[in-house]
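Beneath this line is the structure, given in C-alpha cells, with notes to follow.
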Amino acid sequence: MVELRKIQDAEVEGKTVLVRVDYNVPLRNGGVLDDRRIQASLPTIRWLIEHNAKLVLISHLGRPEGRVVEELRLDPVSEYLESLLERPVGKLEDCVGDAVSNAVSEAKNGDVLLLENVRFHREETTNEPAFTHELANLGDLFVNDAFATMHRAHASTVGIADHLPSYAGFLVQAEIEALSPLIRSPDRPYVAVVGGKKAQSKLGPLHDLARQVDEIMIGGAVAMTFLHAMGIDVGASVVDHKVLEDVGAVRRIAAQTETILHLPVDVVAAPELSAESETLICSVDEIPDGWHAFDIGPETIHLFRERIVQAKTIVWTGPMGAYEIEPFSNGTRMLAEAIAQSAAHGVIGGGETGEAMERFGGAEHAAYISTGGGACLALLRGKTMPALEALRT
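Numbering follows this note's numbering, with no gaps: position 25 of the sequence shown is 37.
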C-alpha cells in the first residue's frame with residue numbers, strides 16, 4: 013500500500029493550511045449540478061476547522077486556459093460550500109496578489125477562505141516557480157485532498173508541496189485505501205467494464221488492463237470502435253478512426269495474456285439520439301444504414317451480467333450507452349444493479365460512471381465510487397502520480 017504523510021499526523025492548530033480540493037463540478041444557471049466532489053472534501057475541511065486551523069482552499073474549475081472566464085468563477089461553489097458547512101466561506105477574487113495575501117493574514121483561526129479559480133493563471137498548469145512560490149507563501153502547511161488531480165504536475169498539486177510540509181487529506185487516503193487491493197493482489201476473477209463516449213481516452217488504460225485483469229467487457233462508443241476495427245459495419249455509430257491500430261494492439265496483448273475480451277453481440281439502435289426516436293434491437297452487424305448504436309442490447313446485458321456475478325474484483329469506467337436518455341439507459345442500469353448486488357470488491361471510476369452508479373445502483377451498494385476517473389485509471393495502471401509522490405513518507 014502507498015504510504016503517505018497524513019493530515020492527522022500534522023500539527024495544524026493555529027496554522028494557515030493550504031488545502032487543494034477538487035471543485036471542478038458541473039454548473040448550470042449559477043448553481044451546482046453535482047456536489048459529490050464538494051461533499052467528498054468536507055471531512056478534511058471539518059477536521060481542520062475543529063483543530064483550530066485557518067483554511068485556504070485552492071481549486072480549479074474547467075479549462076479557462078490561463079485567462080479569466082466569468083462562467084468559470086468559483087462563486088457558486090463558495091455559496092454551496094457555505095450551505096453545507098453552515099458557516100461563512102470567504103471567496104477571494106484571485107488566488108495570488110497583495111489583496112489575497114492581506115485577506116489571508118487578516119483571517120482568524122477556524123475561518124475558511126476559497127481562492128479564485130487557480131487555472132485563471134497559465135502558470136498553474138506549467139508549474140512556474142514564481143507562481144508556485146506566491147501560492148506557497150500564503151500558508152504554513154499544505155494538504156492535498158484533490159485525488160482527481162493527482163496525475164497532474166501543476167503548481168497547486170506538486171509545486172506547493174516542494175515548499176511546504178505536505179500531507180494527504182482524508183479523501184486521498186480513502187481513495188488509496190480503496191484502490192490499493194486492486195494494485196497489490198486483487199481477488200480473482202478480476203474483471204473490468206470499460207465504456208464511454210471517447211475511445212481514445214480508454215485505449216491506453218485498456219493496454220494495461222489487458223495485462224492485469226482476467227476479463228474485459230467493452231461497451232459504449234469504445235465497443236463500436238473495436239467492432240469497426242474488426243471489420244464489422246456498425247452503421248453511423250461513433251467510431252474513433254485515430255485509434256484503430258491501438259485496438260489491434262489491445263487484442264494482441266489480450267491474446268498473449270489470455271485475457272478474455274467481451275464485445276457486444278447486440279445493440280439498441282436508433283436514427284437519432286432522442287427519447288422520442290424509433291428504436292431497434294439488432295445484432296451488431298445488422299445496424300441499419302444511418303442508424304447509431306446508443307446502448308448494448310439484452311443478449312449483451314445477459315452476457316456481461318453473468319461475468320460480473322462470478323467476479324471477485326470489478327473495476328468499471330464508462331457507461332454502456334447514452335444512459336441519460338431513457339430508451340438507451342438499460343445497459344448501464346442493469347450493469348450498475350449487478351455490481352451493486354455483487355459481493356466483489358468494486359471500484360467505480362468517477363465522472364459519468366459514478367453518477368450512473370449512484371442513480372441505478374441504489375443507496376446501499378458497497379462499490380467504491382472514486383472521485384477521479386483519469387487519476388483512478390492512472391493509479392490502477394501503475395503510472396507515476398506526481399502529486400501522490402509528493403505526499404509519500
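Idealized CB from N, CA, C, for every residue including glycine.
Residue i to residue j span [Cα, whole Å]
i: L153; j: L97; result: 22 angstroms
i: R32; j: M162; result: 10 angstroms
i: Q322; j: I351; result: 11 angstroms
i: A148; j: H219; result: 38 angstroms
i: L433; j: V250; result: There is no way to answer for residue 433, as the model of the chain reaches only from 13 to 405.
i: F316; j: D106; result: 49 angstroms
i: T312; j: V279; result: 8 angstroms
i: L176; j: N121; result: 19 angstroms
i: S382; j: V327; result: 10 angstroms
i: T329; j: I320; result: 14 angstroms
i: A111; j: D21; result: 32 angstroms
i: L221; j: A115; result: 47 angstroms
i: P276; j: A180; result: 41 angstroms
i: L389; j: S286; result: 31 angstroms
i: E82; j: G42; result: 11 angstroms
i: W59; j: P198; result: 32 angstroms
i: E146; j: Y92; result: 27 angstroms
i: V24; j: D47; result: 27 angstroms
i: E338; j: D307; result: 10 angstroms
i: P331; j: L45; result: 19 angstroms
i: I244; j: F340; result: 21 angstroms
Same chain, Cβ closer than 8 angstroms to residue i, neighbours up to 5 away in sequence not counted
i: A15; result: A small correction: the amino acid at residue 15 is Glu; Ala does not occupy that position in the sequence shown. Once the five neighbours on either side are set aside, the close Cβ partners of E15 are R404 and T405.
i: E290; result: A282 and P283
As assigned by DSSP and simplified to three states, the class of residue i
i: R404; result: strand
i: K103; result: strand
i: E227; result: strand
i: G333; result: coil
i: G78; result: coil
i: V407; result: An answer regarding residue 407 cannot be provided, because it is not within the stretch 13 to 405 covered by the chain.
i: G216; result: helix
i: L16; result: strand
i: R49; result: helix
i: V321; result: helix
i: S168; result: helix
i: L39; result: strand
Cut-off 7 angstroms between Cβ atoms - residues of its own chain near residue i, not counting five sequence neighbours on either side
i: A402; result: V170, A173 and S178
i: Y35; result: R49, I50, S71, L73, L86 and V89
i: P76; result: L84, N129, R131 and F132
i: A261; result: H219
i: S168; result: R32, I70, V130, E136 and L147
i: N3; result: With the chain covering only 13 through 405, there is no way to say anything about residue 3.
i: P193; result: H357
Opening and closing residue of the alpha helix (DSSP H) in which residue i lies
i: Y92; result: D87 to L97
i: E370; result: G363 to F372
i: E189; result: F182 to R196
i: I272; result: Looking at the DSSP string, I272 is not in any alpha helix (DSSP H); the run it does join, the beta strand (DSSP E), is I272 to H274.
i: V116; result: D110 to E118
i: L147; result: P141 to A148
i: I244; result: No alpha helix (DSSP H) holds I244; DSSP gives it neither H nor E.
i: A387; result: G385 to L392
Residue span of the beta strand (DSSP E) that contains residue i, given as start and end
i: S289; result: Element bounds for S289: n/a, residue is neither H nor E.
i: N156; result: L153 to N156
i: A266; result: Element bounds for A266: not the beta strand (DSSP E) but the alpha helix (DSSP H), L256 to T269.
i: R9; result: For residue 9 there is no data in the structure shown, the boundaries of the chain being 13 and 405.
i: K66; result: K66 to I70
i: V359; result: H357 to I360
i: M236; result: M236 -> not in any beta strand (DSSP E); alpha helix (DSSP H) instead, spanning G232 to A241.
i: V280; result: D278 to A282
i: T329; result: T325 to T329
i: D307; result: H304 to I308
i: A204; result: Y202 to V206
i: L125; result: V124 to L126
6 angstroms Cβ shell around residue i - same chain, five flanking residues per side excluded
i: R345; result: F372
i: L202; result: Checking the sequence shown, residue 202 turns out to be Tyr, not Leu. Same-chain partners within the cutoff: V225, D226 and T325.
i: A387; result: F159, A160, M162 and H163
i: K66; result: T28, A119, N121 and D123
i: S410; result: This structure cannot speak to residue 410, because the chain is shown only from 13 to 405.
Proximity test, residue i beta-carbon vs the ligand COA heavy atom, cut-off 7 angstroms
i: A186; result: No copy of the ligand COA appears in this structure; indeed no ligand is present at all.
Residue i at chain C interface by Cβ criterion, 8 angstroms
i: I61; result: Looking at the structure shown, chain C is missing, and only one protein chain is on hand.
Would you say the region 180-191 touches the region 212-231, given that touching needs at least three Cβ pairs under 8 angstroms?
-> no
With a cut-off of 8 angstroms, do at least 3 Cβ pairs link the region 98-105 to the region 133-145?
-> no
Taking three-plus beta-carbon pairs below 8 angstroms as touching, is the region 224-242 in contact with the region 188-208?
-> yes
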